[in-house]
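Novice: Position in the sequence shown (from 1) plus 391 gives the number in my numbering. Beta carbons: idealized from backbone N, C-alpha and C, even for Gly.
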Amino acid sequence: MAEQADLILHGGDVVTLAEHGGERGEAVAVKDGTIVFVGPEQEALERWRGPRTVVRDLKGRALLPGFIDAHGHLGGIGLQAVIANLLADPDGDVTGLASLKDKLRSWAVGPVGADSDWIIGFGYDDAMLAERRHPTRDDLDEVSTHRPVLAIHQSFHLGAVNSLGLKRLGHSAATPDPEGGVIRRRELAVAPSYGEPDGVLEEKAFTPASDLALVGLPQRELLMLFATGAAMAASFGFTTVQEGGTTLANLKALRDTAAAVPLPVDVVAYVKAEEVTASTLDDPIEVSDEYVDGVRAAGVKLVLDGSPQGRTAWLTEPYLTPPPGQPEGYRGYPAVPHDAVVAQQIATAVEHGWQVLAHVNGDAAIDQFLKAVEAAGPGRRPTVAIHAQTARQDQIEAFARLGILPSFFSMHTYYWGDWYRETVLGERRAQSISPARWALDRGLRPTSHHDAPVALPNSIAVLSSQVTRRTRNGHVLGPDQRVSALEAVRAITINAAHQYGEQDRKGSIEVGKTADLVILSANPLTLDPERIRDIKVIETIKAGTTVHPPAPTVRAHGTLWSAPTPQWGCSC
């Protein structure tokens, strides 16, 4: 025997996703973390099995490339696990303001909340609350009047604080709205007053509240957010994840964490463009194509508008129903009102070889983005339009012309499809949100993401939402935009690898690539599309080693470790 593998997997559906040589195989052999054989089962066992080889029978289960997170927030996934869960079904059980307040009260006296400065919860959705409105300062004063309270909207673009929270922020009737944000008011402004705040904060008005509240979490929880998030992502089959819109301080904390406590997944980081382009250093993020301790910085993230479900995204046509306090004809607003600033940030990134990711939900924001990209010219890595919820056909064609990759948040069809139809866009415009079929038909390689913590990092839900486009109420939203199961799987494997420029080492099961693999209970390519949502992630393998289910935790180097205290905001 000339060769001996460390691991052989056989006896199931091997979905290789190889772009040349077929999509299916019988067996896979792994040596030193690399795939060394894909082919017939008998040949794998005869050629690669030795006395130390672990031979695994898949027992009819499916083996796929490890899933690649095209856009998410690793620290936010960890945060989601430690603050109060205000999500609605199926990810939580908040149904109205009463249960929301109960969750916050319970968390406040729990093991994390008792040591936190603020009382914090994440994930309420006004579209799912019985009252169909945001909590106000008065609602949250019922949770506490002696501690500040923050309830974060599921979009992470809005939130509500109690009266003490407003006081901590310095918000009063004398406080104007910040550029790119809104402080919602109890009544209309009467000069010189801007109106007494009602507690609900949007975009740039919300961000300081989340920053202030999350820094007040216990340091022990802050230091472990990346590790907690990585473990959760691995449990859903992800082997590469994203920290998509961090600060330079948090990037350092991420690198320090990974050096002290090895993470079970690779992490690709993008730093907020406004911070990086303001730096006097030539390359403050130290961009690299190679991982160090499983982490690499790839570029910058721009946020050009807000959330369609929160009705802060910037549209060219009015919202069907404007939010409270806004006039008929309201179209949302830009996060960066000045086109020249956007153009400068993208041009600087292209000049330095930093990959650009841009949060663009509304089609007006996409127009602003396209103008800046065309002026800057192509980058070293594909420029990515994150979310692109309301992209028009002409904008998808511009993506193809300019080499822009759209990464769709396809789970919007499930979580907010009914809300889009009834409140946000109306029936006609709602049909084409997350227009993956338009992108595929124009030869693009669209990816799909979970944007955690906005949704759980649920890979199976990502797959199902692309194939079925079913809303919570069971309506098929935009049947013409559905994709095949193969196209859906490609969106979170090989297409995502192309997005990162890592297609030569990840995204498919081929000889020479890293042995990043996931074992599923069933093959999504052969299952009834309506049953994809029932698939379970059985095991996640990173570079040939099982990372989920996790092995027993070992303290790094046998000692306690520390890292800089990060500041936790989320440009989701």
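1) Could you tell me whether the Cβ atoms of ARG687 and VAL667 are closer together than 8 Å?
2) Give every residue of the same chain whose Cβ lies closer than 7 Å to the Cβ of PRO599, excluding the five residues on either side of it in the sequence, and list them in chain order.
3) Would you kindly check if the distance between the Cβ of VAL815 and the Cβ of TYR710 is under 8 Å?
4) On a CA-only basis, which of PRO915, VAL902, ARG702 is nearest LEU365? Give me that one, please.
5) On the three-state DSSP scale, how would you describe GLN780?
6) Could you spell out the range, first to last residue, of the alpha helix (DSSP H) harbouring ARG820?
7) Given a cut-off of 8 Å on the beta-carbon distance, is the pair HIS401 and GLU434 in contact?
8) In its own chain, which residues sit with a C-beta less than 6 Å from the C-beta of ASP532, not counting the 5 before and 5 after it?
9) Is there contact between the region 865-879 and the region 889-903, where contact requires at least three CB pairs shorter than 8 Å?
10) Assuming contact is defined by CB atoms lying nearer than 8 Å, are HIS462 and ASP842 in contact in what I supplied?
11) HIS803 and GLN780 look like a contact to me (Cβ under 8 Å); what is the Cβ gap, rounded to whole Å?
12) Flag this pair as yes or no: are the beta carbons of LEU616 and LEU491 separated by less than 8 Å?
13) Could you check where the alpha helix (DSSP H) with LYS450 kicks off and where it finishes?
14) If we require 4 or more residues per run, which alpha helix (DSSP H) segments fall completely within the region 461-500?
15) Alpha carbon to alpha carbon, what distance is there between SER801 and SER823?
16) Which class does TYR811 belong to by DSSP, given the choice of helix, strand or coil?
17) For PRO588, which beta-bridge partners are listed by DSSP?
18) Between which two residues does the alpha helix (DSSP H) containing HIS544 stretch?
19) Which parts of the region 409-445 are runs of the alpha helix (DSSP H), unbroken and 4 residues or longer, counting only runs that do not cross its ends?
20) Quick one: Cα of TRP810 to Cα of ARG836, how far?
21) Among PRO653, THR859, LEU695, ASP895, whose alpha-carbon lies nearest the alpha-carbon of ARG922?
22) According to DSSP, is ARG922 helix, strand or coil?
23) Given that a residue counts as buried once 16 or more other Cβ atoms are within 10 Å of its Cβ, and exposed if not, what is ALA954?
24) Under a Cβ-count criterion, where at least 16 other Cβ atoms within 10 Å of its own Cβ denotes burial, should ALA768 be classed as buried or exposed?
25) So PHE547 is in the alpha helix (DSSP H); what residue range does that whole segment cover?
26) So GLU410 and SER899 are supposed to be a Cβ contact under 8 Å. How far apart are they, rounded?
27) Taking the straight line between their C-alpha atoms, what separation do you get for PRO481 and ALA789?
28) Near ARG946, which residues of its chain fall below 6 Å by C-beta distance, leaving aside the five closest residues on each side in sequence?
29) Report yes or no: do the region 435-444 and the region 926-933 share at least 3 C-beta pairs separated by less than 8 Å?
30) Am I right that ASP754 and ARG772 are in contact with their C-beta atoms under 8 Å? What's the rounded C-beta distance?
31) Give the DSSP-derived three-state secondary structure of LEU761 in the structure shown.
32) Which residues does DSSP list as the beta-bridge partners of PRO653?
33) Ends of the beta strand (DSSP E) at ASP404?
34) In terms of residue numbering, what span does the alpha helix (DSSP H) encompassing ASN613 cover?
35) Tell me, to the nearest whole angstrom, how far the beta carbon of VAL632 is from that of TYR661; I am working on the premise that it is less than 8 Å.
36) How long is the line joining the alpha carbons of ILE511 and SER601, rounded to whole angstroms?
Specialist: In short:
1) no
2) LEU560
3) yes
4) Outside the displayed range of the chain (392 to 963) lies residue 365, so it cannot be described from this structure.
5) coil
6) 818-821
7) no
8) ASN553, SER554
9) no
10) yes
11) 6 Å
12) no
13) Here LYS450 belongs to no alpha helix (DSSP H), and DSSP marks it neither H nor E.
14) 465-473, 488-499
15) 11 Å
16) helix
17) ARG576
18) Run containing HIS544: none in the alpha helix (DSSP H); it sits in the beta strand (DSSP E), 540-544.
19) 432-439
20) 28 Å
21) THR859
22) helix
23) With a pLDDT of 40 at ALA954, under the threshold of 50, the predicted position of this residue should be treated as unreliable, though the coordinate-derived value follows. So ALA954 counts as buried.
24) Correcting the residue type first, residue 768 is Gly in the shown sequence and not Ala. It is exposed - the Cβ of GLY768 has fewer than 16 other Cβ atoms within 10 Å.
25) Per DSSP, PHE547 belongs to no alpha helix (DSSP H) and is neither H nor E.
26) 7 Å
27) 37 Å
28) Because ARG946 sits at a pLDDT of 39, beneath the cut-off of 50, its placement in the model cannot be relied upon, and the following sentence gives the value as read from the coordinates. So the list is empty, once near-sequence residues are dropped.
29) no
30) Wrong, their Cβ atoms sit about 25 Å apart, outside the cutoff.
31) helix
32) BP columns for PRO653 are empty, so no partner.
33) 398-406
34) At residue 613 the sequence reads Leu, which differs from the Asn that was named. Its alpha helix (DSSP H) spans residues 610-626.
35) That belief does not hold up - the Cβ atoms of VAL632 and TYR661 are roughly 12 Å apart, past 8 Å.
36) 9 Å
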